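Protein chains in written order, with the numbering used here: chain A, 1 to 87; chain B, 88 to 234.
All C-beta atoms in this analysis are idealised placements derived from N, C-alpha and C, irrespective of residue type, glycine included.
Small disclaimer: the values here were computed from a predicted structure and weren't measured.
Accompanying notes for the structure given below.
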Amino acid sequence: MEQSINWSLKGQVIDMLILNRKIGESIIIQDNIEVRILEISDGKLKIGIEAPKNISILRKEVFDQVVEENKKAIDEDHDIMSIIPKK
Amino acid sequence: MKIQTKYFGEIEIEEGMVIQFPNGVLGFPNSSRLVMIDMPDNPSFKFLQDIHNPYVSFLTVSPWDFFNDYEMDIKDEELAAIGIAEETEKEFSAHLIVTLGKSFEQSTANLLAPIVINVTDKLGRQFILDGHDYGTKHKLVSEGSGD
Numbered sequence: 001m002e003q004s005i006n007w008s009l010k011g012q013v014i015d016m017l018i019l020n021r022k023i024g025e026s027i028i029i030q031d032n033i034e035v036r037i038l039e040i041s042d043g044k045l046k047i048g049i050e051a052p053k054n055i056s057i058l059r060k061e062v063f064d065q066v067v068e069e070n071k072k073a074i075d076e077d078h079d080i081m082s083i084i085p086k087k
Numbered sequence: 088m089k090i091q092t093k094y095f096g097e098i099e100i101e102e103g104m105v106i107q108f109p110n111g112v113l114g115f116p117n118s119s120r121l122v123m124i125d126m127p128d129n130p131s132f133k134f135l136q137d138i139h140n141p142y143v144s145f146l147t148v149s150p151w152d153f154f155n156d157y158e159m160d161i162k163d164e165e166l167a168a169i170g171i172a173e174e175t176e177k178e179f180s181a182h183l184i185v186t187l188g189k190s191f192e193q194s195t196a197n198l199l200a201p202i203v204i205n206v207t208d209k210l211g212r213q214f215i216l217d218g219h220d221y222g223t224k225h226k227l228v229s230e231g232s233g234d
């Protein structure tokens, strides 16, 4: 069973494929990435991912943290040349 | 070719200086062609400037100029994405993005997500390290240091 809907997450509307899975069932992405539902308890979902080693897998909050820091790094309004000491 | 930069106005660069970032820089997926520009008066600092977007210019430092025991553990399979493999002898460089504070003492470097460049092939990528205790905001100057 699958459906594609506009899902609203924290007010942000995103177009997302939604699938129903039971414990032990998996989905396959691009023929070689398997995401399996292992356990559900206390509102926490444990998932297992099998993927080729060149695929980078991150918790989204870590990714978001880096994106935010990158944006902050270029959005400075300081006088760089006066802050960096001369050597 | 001439490019517009954030801090140096229009400058002339050679095509051979351009570093390709096939995935862009994290948060800047369209920043795929950048150049390294030396900071005048301090060789520890370099700007990583997007050649098509003057606003996108990262101030960077070489990790080991500031963090002696910095370690980057990146999977071979991920390094292969920028043409770095164990058996090949490619020259590579590593750079940390700096977020300036009001003063140098309040400025920080992002140790969690270094930029690695295959200098030989002019290919770069920002990696997010796994398995280290690094964050995105490490002070460049340790507190109480006299430097």
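Proximal chain A residues relative to B:Tyr94, where beta-carbon distance stays under 9 angstroms: Translated into positions along the second sequence, residue 94 of chain B becomes position 7. When 9 angstroms is used as the limit between beta carbons, B:Tyr94 is near these residues of chain A: Ile80 and Met81, in chain order.
Neighbouring residues, chain A, relative to B:Leu187 (Cβ below 7 angstroms): In the second sequence, the residue the question calls residue 187 of chain B occupies position 100. In chain order: Glu76, His78, Ile80 and Ile83.
Through-space distance from B:Leu187 to A:Ile80, alpha-carbon basis: Here residue 80 of chain A is taken as the residue at index 80 of the first sequence, counted from 1. Here residue 187 of chain B is taken as the residue at index 100 of the second sequence, counted from 1. Looking at the two C-alpha atoms, the distance is approximately 8 angstroms.
Beta-carbon separation (whole angstroms), B:Val185 vs B:Ala196, contact threshold 8 angstroms: Here the question's residue 185 of chain B lines up with position 98 in the second sequence. Here the question's residue 196 of chain B lines up with position 109 in the second sequence. Approximately 5 angstroms separates the beta-carbon atoms of B:Val185 and B:Ala196; this is inside 8 angstroms, confirming the contact.
Rounded C-alpha distance that separates B:Asp128 from B:Lys93: Here the question's residue 128 of chain B lines up with position 41 in the second sequence. Here the question's residue 93 of chain B lines up with position 6 in the second sequence. Between B:Asp128 and B:Lys93, the C-alpha separation is close to 18 angstroms.
Within 8 angstroms, strictly: CB atoms of B:Leu113 and A:Asn70: Within the second sequence, the letter at position 26 stands for residue 113 of chain B. Within the first sequence, the letter at position 70 stands for residue 70 of chain A. Using a Cβ distance threshold of 8 angstroms, B:Leu113 and A:Asn70 count as a contacting pair.
B:Gly233 versus B:Glu158 - alpha carbon distance: Position 146 of the second sequence holds residue 233 of chain B. Position 71 of the second sequence holds residue 158 of chain B. The pLDDT assigned to B:Gly233 is 46, lower than 50, so where the model puts this residue is not dependable, and the model offers no usable value.
8 angstroms Cβ cut-off: residues of chain B touching A:Lys60: Looking up residue 60 of chain A in the first sequence gives position 60. Residues of chain B passing the Cβ test: none, with the nearest at roughly 11 angstroms.
Contact under 8 angstroms by Cβ, B:Lys209 with B:Val105: Looking up residue 209 of chain B in the second sequence gives position 122. Looking up residue 105 of chain B in the second sequence gives position 18. Going by C-beta atoms, B:Lys209 is nearer than 8 angstroms to B:Val105.
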